[in-house]
Amino acid sequence: MAPIRVALCITDLDVGGAERCLQHLAVGLDRGRFEPVVYCLGARPGNPRASCVEPIESAGIPVHCLGASRPWHFPRTLHRLTSLLVSQQPQILQTFLFHANFLGRLAARRAKVPHVLAGIRVAERHSLWHLWLDRWTRHLVDRHVCVSQSVADFSVRHVGLPRDRVVVIPNGIDPQIASVAPIDLAELGIPSGRRVITSVGRLEPQKGLLWLLETAADWLPRVPDCDLLLVGSGKQRETLLRKARQLGIADRVHLAGWRADIPEILAASQMLVLPSRWEGMPNVVLQAMAVGLPVLATEAEGTEELLGDLSGPQTAPYGATQVFAQKLVAVASDSAEAERLATGNRQRAVAAFSLARMVEAYQDLWESLARG
44 MAPIRVALCI TDLDVGGAER CLQHLAVGLD RGRFEPVVYC LGARPGNPRA SCVEPIESAG
104 IPVHCLGASR PWHFPRTLHR LTSLLVSQQP QILQTFLFHA NFLGRLAARR AKVPHVLAGI
164 RVAERHSLWH LWLDRWTRHL VDRHVCVSQS VADFSVRHVG LPRDRVVVIP NGIDPQIASV
224 APIDLAELGI PSGRRVITSV GRLEPQKGLL WLLETAADWL PRVPDCDLLL VGSGKQRETL
284 LRKARQLGIA DRVHLAGWRA DIPEILAASQ MLVLPSRWEG MPNVVLQAMA VGLPVLATEA
344 EGTEELLGDL SGPQTAPYGA TQVFAQKLVA VASDSAEAER LATGNRQRAV AAFSLARMVE
404 AYQDLWESLA RG
């Protein structure tokens, strides 16, 4: 029986949670059962080796980048994507992220692709036009793959997706991440002898970092040997620096910018903090769990599903400054409790969220559609 032709389409291939998911999925596919190709709406990354392109192409999987960078490029991009689908005739189109989901389903309709699946990776609480477009075009999609039950419930409730067309496939993690060597924190400007509590993510309002700084003004004085490390880039960088100065904590807050070595940074950290206002299933929490870190996160979508029975001491409501600070200090100042949470997190990541399990779930879903 010939392999099923599968096209994986995403908005861009710079390193991020969804991009890594696509990379691991494409590379992990059983090539006796599936013949993959990857489409990227955006331009080819300037440094493919620092993106998800190189690992995919090294596995012998073609990558087609369509060059879109502005909304007015979308008509041209839609035409190019349609042409690729017509010429390559995949049996399955699996898309990831909003723009690829939207253009992908339109192109697939034109190209008569038999089966279209959309990947929903976040609860789009503050993007009403995204919700409207998803609702308007939902009939063009055979299955909606959500990364968490929280995202699935949100999508049924707010987008009106039919429950019987929604599937939950959680992210997976490579267990080998647990063996990475920790980075030398001096590379990030951290003074010798300091412990770091780390937050990883775009410097954007969704990530709740201004509120995190407000909580830090509460907990930093109570853990005097710890600093706060923010890893990521984005439009709030200068605002965050000003906020840290206003709060009098600028000397203990470090902004590392964008980094590709997140596992190594986590391995050198004492704890991951994730103050997001909304999420889907945050990959960085899964990475921290696999590395063996305690976590303190807001009760955003997917986080409690990741942490399982250990979510109680590791989550707090967004905006509950005193609760968040109290829980952070409780873990940062108690090595036995930190080790208990770290061990439980590591065991759960390996047992419940393996890459192999994620890949097999996608493969089974695609085969059920393509083979009838």
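Just so you know, the sequence shown maps onto residues 44 to 415 in my numbering.
Every residue, glycine too, gets a C-beta built ideally from N, C-alpha and C.
Just so it is clear, the structure is predicted and the values come from calculations on it, not from any experiment.
Check for me: the beta strand (DSSP E) holding residue i runs from which residue to which?
i      : result
Thr54  : Taken as a continuous stretch (DSSP letters only), Thr54 belongs to no beta strand (DSSP E), as it is neither H nor E.
Ile135 : 135-139
Gly110 : 106-111
Gly300 : 296-300
Alpha carbon to alpha carbon, how far is residue j from residue i? Give it in angstroms, no decimals.
i      : j      : result
Leu371 : Val223 : 25 Å
Ile226 : Pro356 : 27 Å
Leu353 : Val402 : 26 Å
Gln406 : Ala379 : 41 Å
Ala221 : Val327 : 13 Å
Leu56  : Ile104 : 14 Å
Glu344 : Ala50  : 28 Å
Gly291 : Thr386 : 35 Å
Lys416 : Val296 : Residue 416 lies beyond the range of the chain shown here (44 to 415); nothing can be said about it.
Ile135 : Ala368 : 47 Å
Pro46  : Ser397 : 24 Å
Ala293 : Pro264 : 13 Å
Glu342 : Val366 : 12 Å
Gly277 : Met324 : 20 Å
Val58  : Glu230 : 21 Å
Leu127 : Pro157 : 15 Å
Leu204 : Ser198 : 6 Å
Val80  : Ala102 : 11 Å
Leu384 : Pro337 : 5 Å
Ala27  : Ala111 : Since the first residue of the chain shown is 44 and the last is 415, residue 27 is not available in this structure.
Leu72  : Thr54  : 21 Å
Leu149 : Ile216 : 31 Å
Gln330 : Gln279 : 24 Å
Arg153 : Pro88  : 28 Å
Ser411 : Leu350 : 30 Å
His107 : Asp261 : 49 Å
Cys52  : Gln289 : 44 Å
Ala61  : Val334 : 19 Å
Can you tell me which residues form a DSSP beta bridge with residue i?
i      : result
Pro225 : None, per the DSSP bridge assignment.
Asp270 : Val239
Cys83  : Ile53, Cys108
Thr346 : Answer is none; Thr346 lacks a bridge partner.
Val211 : Cys189
Ile216 : Ser397
His158 : Ile135
Which class does residue i belong to by DSSP, given the choice of helix, strand or coil?
i      : result
Ile163 : strand
Met332 : helix
Phe77  : strand
Leu320 : The displayed chain sequence assigns Arg, not Leu, to residue 320. Three-state DSSP puts Arg320 in coil, outside helix and strand.
Ser101 : helix
Pro50  : Per the sequence shown, residue 50 should be read as Ala rather than Pro. In this structure, Ala50 counts as strand in the three-state DSSP scheme.
Ser401 : Residue identity check: residue 401 is Met in the sequence provided, not Ser. If DSSP states are grouped into helix, strand and coil, Met401 belongs with the helices.
Val188 : strand
Leu290 : helix
Leu339 : strand
Ala359 : strand
Leu263 : helix
Ile233 : coil
Arg148 : helix
Ala392 : helix
Asn90  : coil
Arg383 : helix
Gln279 : coil
Ala195 : helix
Pro118 : helix
Asp304 : coil
Arg414 : coil
Could you check where the alpha helix (DSSP H) with residue i kicks off and where it finishes?
i      : result
Asp416 : Missing from the structure shown is residue 416; the chain here goes from 44 to 415 and no further.
His67  : 60-71
Leu246 : Looking at the DSSP string, Leu246 is not in any alpha helix (DSSP H), and its letter there is neither H nor E.
Gln313 : Unbroken run through Gln313: none, as it is neither H nor E.
Leu204 : Counting along the chain, Leu204 falls outside any alpha helix (DSSP H), and DSSP gives it neither H nor E.
Leu371 : 364-375
Cβ of residue i within 8 Å of any heavy atom in the ligand COA?
i      : result
Val372 : With respect to the ligand COA, the structure shown offers nothing to examine, as it has no ligands at all.
(message) Quick test of the definition: if touching needs 3 or more C-beta pairs under 8 Å, does the region 223-241 touch the region 264-271?
(response) yes
(request) Tell me, please, whether the region 247-263 touches the region 310-327 by the rule of three or more beta-carbon pairs shorter than 8 Å. (result) yes
(message) Below 8 Å, how does it come out for the region 167-180 and the region 305-313: are there three or more Cβ pairs, yes or no?
(response) no
(request) State whether the region 228-237 contacts the region 200-210, with contact taken as three or more CB pairs (one from each stretch) at a distance under 8 Å. (result) no
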